[in-house]
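Colleague: Sending over a structure as structure tokens; questions will come in a sec.
In my numbering, the protein residues as written are 267 to 424.
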């Protein structure tokens with residue numbers, strides 16, 4: 267960032283940074299044998315921020331579907347209540363069955379844009395290098411910075 271950087275550029279960079287972090291988690295799952303083929307987004311942000319959802323789809327290369335329910339926590343509680351009641355009392359016998367009947371996805375979803383994804387692939391490679399440089403291996407910059415922060419806060423000199 268420079269003095270000429272605009273607020274919307276910083277905002278987009280923050281969204282992209284969180285999307286890169288999400289991609290790193292997804293790639294860790296995949297490296298450990300857990301397939302990730304789609305993302306289902308819940309809560310308020312997916313319903314209010316189309317830019318965020320599209321950037322996440324473009325960075326991850328995965329389609330993103332959005333849950334219809336705005337209050338997903340309440341829906342989850344209701345689903346568990348229906349399972350606790352059981353089918354004999356008008357509920358369901360499993361959470362899978364309850365989700366098939368009670369949860370819905372919006373008709374609109376976010377597909378990755380192949381051109382954007384190709385660019386984000388290159389940017390993600392740089393992100394991963396920086397992530398590893400600052401947080402893993404022989405260079406423990408982040409650990410040293412955290413130790414310095416603690417030292418300053420507690421007043422203990424080195």
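Even for Gly, the Cβ is constructed at its ideal location relative to N, Cα and C.
Answer with buried or exposed for residue 308, where buried requires no fewer than 16 other C-beta atoms within 10 angstroms of its C-beta.
Modeller: Taking the chain shown and counting its residues from 1, one reaches residue 308 at position 42. Counting Cβ neighbours within 10 Å, residue 308 comes out buried, since at least 16 surround it.
Colleague: So, helix, strand or coil for residue 275, using DSSP?
Modeller: Against the chain shown, residue 275 aligns to sequence position 9. In the three-state reduction of the DSSP assignment, residue 275 falls in the helix class, which pools H, G and I.
Colleague: Restricting to Cα atoms, I'd like to know which of 394, 391, 411 and 327 is closest to residue 380.
Modeller: For the purposes of this step, residue 380 is taken as residue 114 along the chain shown, with counting starting at 1. Answer by Cα proximity: 327.
Colleague: Using 10 angstroms around the beta-carbon of residue 305, count the other beta-carbons present and answer buried if the total reaches 16, otherwise exposed.
Modeller: One-based indexing of the chain shown puts residue 305 at position 39. That one is buried.
Colleague: Does the region 366–377 come within contact of the region 333–353, defined as at least 3 CB pairs closer than 8 Å?
Modeller: yes
Colleague: CB-CB under 6 Å to residue 332, same chain, minus the five flanking residues each way: which ones, in chain order?
Modeller: Residue 332 sits at position 66 when you count from the first residue of the chain shown. Leaving aside the five residues that flank residue 332 on each side, the residues in its chain whose CB is nearer than 6 Å to its CB run, in chain order, 307, 312 and 372.
Colleague: In terms of DSSP beta bridges, what is residue 332 paired with?
Modeller: Position 66 of the chain shown, counting from 1, holds the residue named residue 332. Partner(s): 307.
Colleague: Contact between the region 385–402 and the region 285–297: three or more CB pairs below 8 Å?
Modeller: A contact is defined here as three or more CB-CB pairs under 8 Å, and the region 385–402 meets this definition with respect to the region 285–297.
Colleague: Just to confirm, is the Cβ distance from residue 321 to residue 282 under 8 Å?
Modeller: In the chain shown, counting from the first residue as 1, residue 321 sits at position 55. In the chain shown, counting from the first residue as 1, residue 282 sits at position 16. Yes, these two residues count as a Cβ contact at 8 Å.
Colleague: Under a three-way DSSP split, which group does residue 395 fall into?
Modeller: Here residue 395 refers to the residue found at position 129 of the chain shown. If DSSP states are grouped into helix, strand and coil, residue 395 belongs with the helices.
Colleague: Whose CA, out of 297, 317, 296 and 298, lies closest to the CA of residue 274?
Modeller: Residue numbering aside, residue 274 sits at position 8 when the chain shown is read from its first letter. Among 297, 317, 296 and 298, the Cα nearest to that of residue 274 is on 317.
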